[in-house]
Structure formats: C-alpha cells, structure tokens
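See below for the structure under consideration.
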Amino acid sequence: MGNMKIKAKEKDGVVKAKVMAKHDMLTYDQAKKKGKEANFITHVTGKVNDKVVYDVSTSQFLSKNPLFKFTFKGKKGDTLVMTWVDLKGNTKTEEKKIK
Amino acid sequence: MNRRKFLGLGLAVAALAPMTLSALDYRKEKPKAWTAKSVDDAIAALYGDAKPEVSDKITVKTPKVASNGGAVPVTIKSDIEAKSVTLLQDVNPESAVATWTVPEGGVVDYSVKIKMKGSGKVIVVVEGKDGKLYTASNELEVALGGCEG
Numbered sequence: 001m002g003n004m005k006i007k008a009k010e011k012d013g014v015v016k017a018k019v020m021a022k023h024d025m026l027t028y029d030q031a032k033k034k035g036k037e038a039n040f041i042t043h044v045t046g047k048v049n050d051k052v053v054y055d056v057s058t059s060q061f062l063s064k065n066p067l068f069k070f071t072f073k074g075k076k077g078d079t080l081v082m083t084w085v086d087l088k089g090n091t092k093t094e095e096k097k098i099k
Numbered sequence: 100m101n102r103r104k105f106l107g108l109g110l111a112v113a114a115l116a117p118m119t120l121s122a123l124d125y126r127k128e129k130p131k132a133w134t135a136k137s138v139d140d141a142i143a144a145l146y147g148d149a150k151p152e153v154s155d156k157i158t159v160k161t162p163k164v165a166s167n168g169g170a171v172p173v174t175i176k177s178d179i180e181a182k183s184v185t186l187l188q189d190v191n192p193e194s195a196v197a198t199w200t201v202p203e204g205g206v207v208d209y210s211v212k213i214k215m216k217g218s219g220k221v222i223v224v225v226e227g228k229d230g231k232l233y234t235a236s237n238e239l240e241v242a243l244g245g246c247e248g
C-alpha cells in the first residue's frame with residue numbers, strides 16, 4: 001500500500017494528468033466482511049509551484065486503487081506534487097515532472 | 100545561531116501545514132454530507148436548501164453497462180465557471196462519492212473510478228461562481244455489484 005503513479009503531459013498550455021493511487025479503499029461493508037477496519041482515501045491534492053491545481057474530498061465509494069484524471073493550465077518542466085490522506089491519517093506524497 | 104534558525108524553520112513549517120492540508124476539506128467542514136443516506140440529503144448538507152437546476156452545460160459520461168461495479172469510470176465535464184463539483188450516486192448505502200474544489204482558473208474535466216452496488220444513477224452537482232447550483236445525471240446498469248469486494 002502506498003505508492004502513486006503519476007503521468008502528466010502538457011499540450012497547448014493545458015496539462016493532462018493521470019494519477020493512480022495504490023490503496024485498498026475498504027468500505028465499511030467490505031471491511032466488516034473481511035474483519036478489517038475500513039480505510040479509504042479521504043482527500044487528494046495536486047499542486048504545481050505551491051499552487052493548488054486539483055483538490056478533491058472523497059468517500060469510500062471510489063474504486064480500489066482509484067484513478068484520477070484531470071486537466072489544468074500549466075507548462076512543461078514544472079513539477080506536479082500529489083498528496084493523499086486516508087481515514088487513518090496516513091499520507092503519501094509523490095511528485096513528477098510535467099512532460 | 101544554529102538553534103535559532105532551527106526554531107524559525109519549525110515555526111514556518113507549523114504555520115504552513117494547516118494551510119496546505121485543510122484549506123477546503125469538505126469532509127471536515129461538511130461531515131453530514133458523507134453519511135447522508137439519500138442524494139437529496141447529501142446535497143442539502145453540502146449546499147443548503149438551494150434547489151439545483153438541470154443544466155445541459157454539464158456532461159456526465161459513464162458506460163451504459165458497467166461490467167464491474169467495483170470500478171465504474173465516470174467523467175465529468177462542464178463549461179460552467181465552478182466553485183465546486185460534487186459526484187453522488189443513488190445505490191450505495193451512502194450517496195456522496197467525491198467533492199472537488201475547483202481552483203482559480205481550473206478546468207472542470209474530471210474522471211474517476213467509483214464503486215456501484217447495483218444499477219442506478221450518478222448525479223453531478225456543480226456549484227457555480229454565480230452561487231447557483233446546476234445538476235446533471237446519468238443512468239447506468241451494473242452487471243456485477245462492486246461493494247461485496
């Protein structure tokens with residue numbers, strides 16, 4: 001658990017990004033069946049040069065290993081920094097240069 | 100001198116931390132929305148009593164038939180100058196799926212994979228910068244429910 005795959009590509013001033021977070025995303029129902037505690041990503045933020053370009057609060061109903069696709073205005077060479085936080089307070093940050 | 104620098108650094112980090120984490124955390128600010136059992140309740144908890152109007156400026160794309168309810172791709176696009184976008188559905192035990200905060204100059208073009216327990220509707224509510232609420236929805240069939248794991 002806990003790493004992220006990031007792809008970000010710029011074209012005509014618009015960056016298309018794909019982020020896959022590795023996370024079990026156990027809902028309360030699933031967790032009960034498996035005898036584990038529910039845990040899922042609750043917040044994802046994407047930043048370039050300390051400016052927020054993506055921000056989402058999420059619930060248990062995202063798929064396992066959720067995939068986020070989004071676009072924003074940006075340029076090549078900048079670094080996209082993605083961070084997620086889950087219900088237990090675990091957090092993970094990864095960064096990737098925009099191609 | 101060194102110690103002083105170190106202290107200063109710590110303070111700077113402490114001052115920055117809350118800003119970076121919780122600027123617009125809908126889970127903390129609107130906790131009720133995430134446990135609401137119906138779509139209407141969730142919308143009311145998030146945005147108050149305002150009734151969203153149906154808009155053709157929002158595109159909600161889903162497959163007509165999803166073979167795997169554990170990962171249903173949903174794409175949301177809109178031309179509306181938006182403050183926030185919320186994705187809901189009406190089949191899971193709770194309705195809210197995700198709320199995006201649209202940053203200044205942001206493009207509403209989001210795609211995520213969600214879980215659906217069965218066939219139903221995905222609903223998108225867009226909060227415009229004009230303070231109005233817009234909505235669009237899409238019905239789909241799910242061949243295999245996704246909440247059983």
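Protein sequence lines, in the order shown, are assigned to chains A and B.
Using the working numbering, the first residue of the first sequence is number 1, and each one after it goes up by one.
Using the working numbering, the first residue of the second sequence is number 100, and each one after it goes up by one.
The beta carbon of each residue, even a glycine, is placed where N, CA and C say it ideally should be.
Item to check | Alpha carbon of Lys47 (chain A) to alpha carbon of Val224 (chain B), nearest angstrom | outcome: 24 Å
Item to check | Under the three-state DSSP convention, the category Leu187 (chain B) falls into | outcome: strand
Checklist entry - Can you give the Cα-Cα distance for Ser121 (chain B) and Phe68 (chain A), rounded to whole angstroms? => result Because Ser121 (chain B) carries a pLDDT of 37, less than 50, the predicted location of this residue cannot be relied on, and the following value inherits that uncertainty. Straight through space, the alpha carbons of Phe68 (chain A) and Ser121 (chain B) are spaced by roughly 20 Å.
Checklist entry - Nearest to Glu240 (chain B) by alpha carbon, out of B:Val164, B:Leu187, B:Lys136? => result For Glu240 (chain B), the nearest C-alpha among the options comes from B:Val164.
Next on the checklist: Suppose you measure from the CA of Tyr146 (chain B) to the CA of Val81 (chain A); what does that come to, to the nearest Å?
Outcome noted: 29 Å
Item to check | Contacts that Val53 (chain A) makes with chain B (C-beta to C-beta distance below 8 Å) | outcome: Pro202, Gly205
Checklist entry - Are the CB atoms of Thr42 (chain A) and Ser57 (chain A) nearer to each other than 8 Å? => result yes
Item to check | Cut-off 7 Å between Cβ atoms - residues of its own chain near Trp199 (chain B), not counting five sequence neighbours on either side | outcome: The residues are Ser183, Val184, Tyr209.
Item to check | Closer than 8 Å to chain B by CB, Asp78 (chain A) | outcome: no
Checklist entry - How many Å lie between Val201 (chain B) and Glu10 (chain A) at the Cα? => result 19 Å
Checklist entry - Rounded to the nearest angstrom, how far is the Cβ of Ala195 (chain B) from that of Ser59 (chain A), given a contact under 8 Å? => result Confirmed, about 5 Å.
Checklist entry - According to the Cβ coordinates, are Thr71 (chain A) and Val14 (chain A) closer than 8 Å? => result Their beta carbons are under 8 Å apart, which means Thr71 (chain A) touches Val14 (chain A) by this criterion.
Next on the checklist: So, for Lys99 (chain A): in the same chain, excluding its five sequence neighbours on each side, which residues have a beta-carbon less than 6 Å away from its beta-carbon?
Outcome noted: Listed in chain order, the non-local C-beta contacts of Lys99 (chain A) below 6 Å within the same chain comprise Lys9, local neighbours out to five positions each way being set aside.
Checklist entry - If you measure beta-carbon to beta-carbon, which residues of the stretch 179–198 of chain B are closer than 8 Å to chain A? => result Within the stretch 179–198 of chain B, the residues whose Cβ lies closer than 8 Å to some Cβ of chain A are Gln188, Asn191, Pro192, Glu193, Ala195, Val196, Ala197, Thr198, listed in chain order.
Item to check | Segments of 4+ residues assigned as alpha helix (DSSP H) that fall wholly inside the stretch 17–68 of chain A | outcome: 28–34
Checklist entry - Residues bridged to Asp86 (chain A) by DSSP? => result A:Ile41
Checklist entry - In chain A, which residues lie with their C-beta within 7 Å of the C-beta of Gly169 (chain B)? => result Ser63, Lys64
Item to check | Within chain A, partners of Ser210 (chain B) - CB distance below 8 Å | outcome: Leu67, Phe68, Lys69, Phe70
Item to check | Cβ distance (whole Å) where Val138 (chain B) is taken to contact Leu187 (chain B) below 8 Å | outcome: Val138 (chain B) to Leu187 (chain B), Cβ: 5 Å. Contact.
Checklist entry - Do Gly219 (chain B) and Val173 (chain B) have their C-beta atoms closer together than 8 Å? => result no
Next on the checklist: Here's the rule I'm using: 16 or more other beta-carbon atoms within 10 Å means buried, otherwise exposed. How should Lys212 (chain B) be labelled?
Outcome noted: buried
Item to check | C-alpha gap between Glu226 (chain B) and Lys22 (chain A), whole angstroms | outcome: So the alpha carbons of these two residues sit roughly 30 Å apart.
Checklist entry - Along chain A, which residues have their Cβ under 7 Å away from the Cβ of Ile213 (chain B)? => result Phe61, Leu62, Ser63
Next on the checklist: For Thr93 (chain A), count the other beta carbons within 10 Å of its own beta carbon; 16 or more makes it buried, fewer makes it exposed. Which is it?
Outcome noted: exposed
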